[in-house]
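Using the numbering used here, the first residue of the sequence shown is number 856, and each one after it goes up by one. Just so it is clear, CB atoms sit at the ideal spot from N, CA and C, and this is done for glycine as well. One structure is given here, and the rest of the page talks about it.
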Amino acid sequence: MLKNILSPDFINAILRASTPILFATLASAIASKSGITNMALEGMLLFSALFGVIFSSLTHSFLGGLLITMVIGGLIGFFLAFFILQLKTDEILAAIALNLIATGGTVLLMLAVSGDRGASTSISSVSAPTIYIPGVAQIPFLGKVLSGQNLMTWLSLIAVVVVHIFLYKTPMGLKIRAVGENKNAAESVGISSKKIQYIALVLSGVLCSMGGYFLSGGYMNMFTKDMSAGKGFIALAASSMGADTPIGGFLVTMLFGIAQALGNLMQLTTIPTELIQMIPYLTTLIGLAIYSYAVMKRKNRLGAHN
């Protein structure tokens, strides 16, 4: 077991398991910075995973399928913003509705498009390519980690840097953070909070759709019912524990990736499968409990100081 944990294959398993969660974590961070909690990540992942298979098959292209899926992800974010900002729907209830629609809606769409019920076995999808870096693969240990990764995994790591720069080094990022910090103060200097929140949720949908695409075009080569398996909620927890920052979210996501990879590795043991499958979610609960305790302790310390 220890030998397997210290191997390059285990690091690769961590990165694979973390990729969809990392995209969704970044999506949650952008929405949260604008003052909206995007709890619809689970539904967005499901819809994007299905549309990724459908449109990559129709276009016979990984890039075509990814771009169309990103556009649809942005549209889902737009409609979520419309219900929250225009129709004044409670953001939690709107997200729950979207998640429930995705659970049954993706199965219905898959049945209508392919005739399949449990998995899209009859649709020939185009998977994201694997990137091999010339010369790097020969480097002991590190070469096996850096070379041979899925393109979407590399994009998720690049997205951490891009989102960080966007939020903290650009005027639009400053506006998003200003609206999230104090909507009234932002509007007093001419910033339209509603417009900024629309943009944030659209970007959140685009990022989450990339994670969904990886599920059915990188992690697997097909869509299966409920294949997101709670990753949207794990991402929401990771974003919160990472203080809704790209770097913090990335670090926490790696922790959940380790738990997922460890769970997969433990399936080779005699430990009951049901107990092993609990590991990522148990890690989430423990992490949230520790985070909540730390926040409460900090607030109590500040209250006593004041």
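Cβ neighbour criterion (16 or more within 10 Å) applied to residue i
i	result
R1156	exposed
P995	exposed
R972	exposed
R1153	exposed
E1036	exposed
T1025	exposed
L870	buried
D1081	exposed
Q1004	buried
T985	exposed
V1016	exposed
P839	What is shown of the chain runs 856 to 1161, which leaves residue 839 out entirely.
A1144	exposed
V962	buried
I939	buried
I1013	exposed
S1043	exposed
Integer-rounded CB distance, given that residue j should sit under 8 Å from residue i
i	j	result
L1070	A904	4 Å
C1063	A882	4 Å
N824	L1056	No answer is possible for residue 824: it lies beyond the span of the chain, which begins at 856 and ends at 1161.
G1087	M899	7 Å
G929	G1060	5 Å
R1054	A1033	Arg is not the amino acid found at residue 1054; the sequence shown has Ile there. Wrong, their Cβ atoms sit about 13 Å apart, outside the cutoff.
I978	S912	5 Å
Bridge-paired residues (DSSP) for residue i
i	result
T1079	A974
T985	N1005
Residue of the options minimising C-alpha distance to residue i
i	options	result
M1065	L918, T892, S887 and N893	L918
G1097	N1005, K888, P984 and V968	K888
I909	V968, I927 and K1050	V968
M1077	F1088, G990 and S975	S975
V1150	Q1004, A868 and S1095	S1095
L1006	M965, V981, Y1023 and G990	V981
G1104	S1047, F902 and I885	I885
T924	I1113, Y1136, G1067 and I978	G1067
P1162	L1091, Y1053 and L940	Residue 1162 cannot be examined here, being either before or after the span of the chain that is shown, 856 to 1161.
E897	A1033, K1050 and I951	I951
A936	G920, Q1052, V1107 and G959	Q1052
L942	K1049, A1114 and G1085	K1049
F906	G1060, F938 and G920	G920
I931	L1106, M1133, A895 and S1047	A895
T1079	L901, H1019, T880 and N1119	L901
K999	Y1148, I1141, S1147 and S862	S862
T880	P1135, Y1148 and L1106	L1106
A1084	Q1115, L1012, S916 and V991	Q1115
S1002	T1008, Y987, V1015 and L1010	Y987
G1112	I1102, T1100, T1138 and D1099	T1138
F865	H915, L997, F933 and G990	L997
G1073	G960, E1042 and T1008	T1008
I927	I1134, I891 and L1058	L1058
N1039	G890, D945 and F878	G890
F1021	M1121, P1101, L1143 and N1119	P1101
A1093	L1010, I1141, A868 and H915	I1141
N867	I956, T914, I1013 and N1119	N1119
_Which complete alpha helix (DSSP H) runs does the region 912-975 hold, if anything under 4 residues is left out?_
917-936 and 946-969
- Item | 4 or more residues per run - each alpha helix (DSSP H) lying fully within the region 1004-1082 | Complete alpha helix (DSSP H) runs here, min 4: 1006-1024, 1026-1036, 1038-1043 and 1048-1069.
Can you list the alpha helix (DSSP H) stretches of 4 or more residues lying completely in the region 1085-1140, in chain order?
-> 1086-1096, 1101-1121 and 1128-1132
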